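A short worksheet on the structure shown next.
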Amino acid sequence: MKRIVFILLFISNFLVHSESLKVGILQFAPPFSSISDKANHYYGFVVALMNIICNRLQEKCEYIPIPKEGELKGLDKGVYHIVFSSTPITTSLPANYRYSLPYLPSDGQFLTLKNNSIDTLNDINFKKVGFFKINFQQSPLLKKYETTNTLIEYTDPAELVNALTTKKIDAILINYQASRFIVNNLNPTEDNQLKLIGDKIPIGSGYGIIALKNQSALIDKINHILLEMEKDGSYLRIYNEYFGANPAYNLHH
């Protein structure tokens, strides 16, 4: 009888340990995350970051696309255990969820066509501005421009950039790191080259990883690893790989 109980406990522990850590990410949000094939292979900044975190947690990680209902719904339904939030850290997060420490600063950036006469933030007034909904849906930054501009939300970053290059809108507002990536790597034809408008604009307290409150122990471990990575230089190596050299960068100080 004892032998049977031991075997059952062993199998139970093995199954618990062998369950992969499910991580919610966006399917197409370069340079943060993108899917490369039908075999559920993802790449990008948050994937490179999470791969190291998983390695140090000694967990096998499985990347799951965030459902259309939103990142929090995926947590509620048990689709994944944690999710890389694309919305800046806010105090309005319901009490049954918990943020990690920020894994990236949260800044916004305006973009327009290079041959456009919009050169400063003041030039944006009375223009049509598109924005990526998931980054700015709760941002007070939009309120600053909603009285003088026509604001149009997009749920697909590719559609947002396409609307600008086809001149359906005059400017776009997206995450700062994404704007640099677009200008440096995804520039369209020569007639539709893009440029940054003004400086980056702080829009929150950084981007965090979210879990249900009952996963607080996991978040504590992730926080410890994020601080370790900052200290040992592994975070900076990933940051520089995707966003360019920034030796003065310091995430949590």
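Letter 6 of the sequence shown, counting from 1, is numbered 20 in the working numbering, and no numbers are missing. Cβ coordinates follow ideal geometry from the N, Cα and C atoms, glycine included. Model, not experiment: these values are computed from the prediction.
Check: I want to check one thing, is the minimum distance from the CB of N136 to the heavy atoms of the ligand NAP below 7 Å?; Outcome: Ligands are entirely absent from the displayed structure, and the ligand NAP is therefore not among its contents.
Check: Using the C-alpha atoms, what's the distance from A62 back to S47?; Outcome: 9 Å
Check: Tell me whether P216 is buried or exposed, calling it buried when 16 or more other Cβ atoms sit within 10 Å of its Cβ.; Outcome: exposed
Check: Below 8 Å, how does it come out for the segment 217 to 224 and the segment 91 to 99: are there three or more Cβ pairs, yes or no?; Outcome: yes
Check: Report back the beta-carbon spacing between K128 and L208 to the nearest angstrom; my notes put them in contact at under 8 Å.; Outcome: 6 Å
Check: Please list, in chain order, all residues of the same chain as F257 whose beta carbon is under 6 Å from its beta carbon, the five residues on each side excluded.; Outcome: Q191
Check: Quick one: which unbroken beta strand (DSSP E) runs of 3-plus residues sit fully inside the segment 135 to 207? Chain order, please.; Outcome: 142 to 146, 164 to 168 and 185 to 189
Check: Tell whether a beta-carbon distance below 8 Å holds between Y77 and Y56.; Outcome: yes
Check: Taking I80 as the reference, which of F146, L118 and Q41 has the closest Cα?; Outcome: Q41
Check: Within 10 angstroms of the Cβ of G92, are there 16 or more other Cβ atoms? Answer buried if so, exposed if not.; Outcome: exposed
Check: Within the continuous alpha helix (DSSP H) that includes I223, where are the two ends?; Outcome: Where I223 is concerned, there is no enclosing alpha helix (DSSP H), although the beta strand (DSSP E) it sits in stretches over I223 to L226.
Check: Secondary structure at I78, three-state DSSP: helix, strand or coil?; Outcome: strand
Check: Taking the alpha-carbon positions, what's the T180 to I39 distance?; Outcome: 29 Å
Check: Look at the alpha carbon of K82 and the alpha carbon of Y94, and state the distance between them as a whole number of angstroms.; Outcome: 14 Å
Check: Please state whether the Cβ-Cβ distance between S153 and S219 is less than 8 Å.; Outcome: no
Check: Output the boundary residues of the alpha helix (DSSP H) element that contains G88.; Outcome: E85 to D90
Check: Do E173 and K147 have their beta-carbon atoms positioned less than 8 Å apart in this structure?; Outcome: no
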